[in-house]
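K.L.:
Under our numbering, the very last position in the sequence shown is 87; numbers go up by exactly one each time.
Don't be surprised by glycine CBs; every beta carbon is placed ideally from N, CA and C.
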Amino acid sequence: FKSIKSIVRITLAEERPPISWQMANGREYGFFSNVNPNVDHPRWSQATERRIGGGLFAKRVPTLMFNGYEKEVGGLYAGMDLTVNF
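Now the structure itself:
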């Protein structure tokens with residue numbers, strides 16, 4: 002439910018800043034929200050998805066961990082319980 006396009010700046014903060022998804026509905030989107038096919042969103046499964054551009058009736062495909070960037074960002078989530086910090 003979020004996708005980074007590019008990194009413009011990194012700011013280190015003493016306290017965790019609010020994020021737009023969490024402010025919109027904090028019960029559904031945690032700070033570490035990222036696509037995890039093994040953990041369902043409170044209202045739907047994230048196990049499969051329809052690819053953008055495939056049309057409304059496109060076949061669903063398995064969702065890749067961390068939007069397909071598991072190799073690049075998986076280490077950032079090492080040791081975290083992603084069922085809690087979804």
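Quick one: is N39 buried, meaning 16 or more other Cβ sit within 10 Å of its Cβ, or exposed?
P.N.:
Exposed, by the Cβ-count rule.
K.L.:
Between P63 and T49, how many whole angstroms is the CB-CB distance? I'm expecting something under 8 Å.
P.N.:
About 6 Å; that satisfies the 8 Å criterion.
K.L.:
Compute every distance between the C-beta of P38 and the non-hydrogen atoms of the ligand HEM, then say whether any falls below 8 Å.
P.N.:
No copy of the ligand HEM occurs in the structure displayed, which carries no ligand at all.
K.L.:
Look at R61 and R51 and say whether their C-beta atoms are less than 9 Å apart.
P.N.:
Contact flag set, yes.
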